[in-house]
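Numbering (my numbering), first residue to last: 95 to 224.
Encoded structure:
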């Protein structure tokens with residue numbers, strides 16, 4: 095199962111998904127089980143993004159602020175929706191992003207029934223795919 099499929103199927107964010115995201119966006123990321131605090135058990139080393147020491151992987155899948163750091167340059171949030179289907183008691187989130195430097199590229203859309211950070215992660219990774 096690829097990363098986007100895992101994010102779409104997730105029922106909640108996790109440090110494992112956060113680690114997979116950093117591996118996807120940074121070629122030289124090295125994930126290890128190095129402890130760096132009770133709430134940050136996964137760390138990475140990623141010189142490509144200016145980090146030269148072991149640092150906590152951002153909580154992309156559980157933090158809106160961290161998820162927003164995944165939005166690629168030139169892309170902007172166009173719309174964030176929270177929706178509820180009357181036939182289904184589950185709430186969900188939808189995120190639309192647009193590439194403003196070249197609007198012909200179109201939209202990157204992310205949806206998650208679990209959380210807004212997951213929806214932002216999905217849309218951001220779709221935008222990165224180009």
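Note that beta-carbon positions come from the ideal geometry of N, C-alpha and C, so glycine has one too.
All values derive from a computational prediction rather than experimental measurement.
Cα-Cα separation between residue i and residue j, rounded to whole angstroms
| i | j | result |
| --- | --- | --- |
| residue 223 | residue 180 | 33 Å |
| residue 118 | residue 178 | 31 Å |
| residue 151 | residue 164 | 12 Å |
| residue 204 | residue 174 | 10 Å |
| residue 99 | residue 162 | 20 Å |
As assigned by DSSP and simplified to three states, the class of residue i
| i | result |
| --- | --- |
| residue 166 | coil |
| residue 191 | strand |
| residue 104 | coil |
| residue 152 | coil |
Residue i classed as buried or exposed, judged by whether at least 16 other C-beta atoms fall within 10 angstroms
| i | result |
| --- | --- |
| residue 159 | exposed |
| residue 187 | buried |
| residue 197 | exposed |
6 Å Cβ shell around residue i - same chain, five flanking residues per side excluded
| i | result |
| --- | --- |
| residue 106 | 208 |
| residue 202 | 191, 217, 220 and 221 |
| residue 97 | 114 and 118 |
Start-to-end residues for the beta strand (DSSP E) that takes in residue i
| i | result |
| --- | --- |
| residue 202 | 201-206 |
Proximal residues to residue i (C-beta, below 7 Å), its chain only, five neighbours per side dropped
| i | result |
| --- | --- |
| residue 212 | 101, 104, 107, 155 and 206 |
| residue 176 | 185 and 187 |
Segment limits, alpha helix (DSSP H) that includes residue i
| i | result |
| --- | --- |
| residue 209 | Per DSSP, residue 209 belongs to no alpha helix (DSSP H) and is neither H nor E. |
| residue 121 | Residue 121 -> no alpha helix (DSSP H), and no H or E assigned at all. |
Nonlocal neighbours in the same chain, by C-beta distance under 8 Å from residue i, ignoring five residues either side
| i | result |
| --- | --- |
| residue 195 | 168 |
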